[in-house]
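All residue numbers for the sequence shown refer to our numbering, where the first residue is 366 and numbers rise by one. Glycine included, each C-beta is placed from N, C-alpha and C at the ideal position. Notes for the one structure printed next.
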Amino acid sequence: MTGRAVGNRWAPAVILVGFLVLLGALAWALFDRVESSISPDPVSIANASLSNMQEQNRLTVFSASFNATVTTTLTKLGLSARKTLIMPGSVRYELDLAKLEADDVRWDDRDNTLYVEIPAIEIARPEVHIDQIQTYDDGGILMALTDAEDVLDQANRRKGVEELAKQAQNPVQVRLAREAARRAVRHNFAVPLQAAGVEAKIDAFFPYERSRYKERWDYSRPIREVLAEQQQKREEAQ
């Protein structure tokens, strides 16, 4: 048998092997693309959660009730009048989720942790329970002869609202509001991840706590950066 005959004999086998290798490579590439498309991506899920949260705009995370007791005295025409007001009210502690940006959400694939820097808590203007207001006065003559009662009422209402706002700054209430905000943010990110079967930790903190997270924050990456890198890889693979 000549060399040419041997070569002709094995040519179909070589072509078949080459075809199978090429087919295997294409199948693996297709499998890898399909797998990446159906495998849950924590960063993409976190980005979708972020968009949903931003659309909520403001989120009330905590509320508290307070009582302001204020007294105003007015002296006029040699007479004096005094009036005391007890003003119940409630205050909402809110998160402005529109301020939560992509750079505030970072992913650390070393320990599968999503770090979220939460905007500072904002305290809304007190809501006065008008139907529960109580007043006590002393100085009937001056009130009967002048507009002293209206003057005292206006002063007490202003001072009452200011007192409610001051009480809302109580460190205990602010701490409770912050803890409620942490839970709310962690919940909003965790639920979609859990639903997709992704095991990830959510660590939420406030700007004043940044120093405690400096090392982990520096090693993590903004989700916007990770998504841009993923998009670039997809485009290069096409």
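Beta-carbon proximity check, residue i vs residue j, cutoff 7 angstroms
i, j, result
"Q419", "A463", "yes"
"R551", "A569", "yes"
"L439", "A513", "yes"
"V481", "Y458", "no"
"D461", "R490", "no"
"R589", "A467", "yes"
"P484", "L507", "no"
N- and C-terminal bounds of the beta strand (DSSP E) containing residue i
i, result
"G443", "It is not in any beta strand (DSSP E) - G443 carries neither H nor E in the DSSP assignment."
"E466", "No beta strand (DSSP E) holds E466; DSSP gives it neither H nor E."
"T478", "T478 to E482"
Coarse secondary structure for residue i, derived from DSSP in three states
i, result
"P572", "helix"
"D502", "strand"
"V563", "coil"
"S409", "helix"
"E527", "helix"
"S430", "strand"
8 angstroms contact criterion, which residue i and residue j should meet: CB distance rounded
i, j, result
"L479", "G525", "Contact flag wrong, Cβ pair sits at about 43 angstroms."
"W472", "P407", "7 angstroms"
"V470", "L415", "6 angstroms"
"K441", "T511", "6 angstroms"
Own chain residues within Cβ distance below 8 angstroms of residue i, not counting five before or after
i, result
"R447", "T436, T437, T438, L439, D502, D503, G504 and L517"
"R575", "E482 and W582"
"R475", "Y584"
Chain-order list of residues whose beta-carbon lies under 7 angstroms from that of residue i (same chain, five-residue window excluded)
i, result
"E492", "G454 and S455"
"A542", "V426, F427, Y458 and I486"
"Q497", "P453"
Contacting residues, own chain, Cβ-Cβ under 6 angstroms from residue i (five flanking each side not counted)
i, result
"I567", "L479, R551, F554 and A555"
"R547", "A569"
"A433", "M452, G525, E528 and L529"
"G389", "With a pLDDT of 38 at G389, under the threshold of 50, the modelled position of that residue is not reliable, and the figure given next carries that caveat. Excluding sequence neighbours, G389 sits near nothing in its chain."
Range of the contiguous alpha helix (DSSP H) that encloses residue i
i, result
"L462", "Per DSSP, L462 belongs to no alpha helix (DSSP H) and is neither H nor E."
"Y578", "Note, Y578: premise wrong, no alpha helix (DSSP H); not H, not E."
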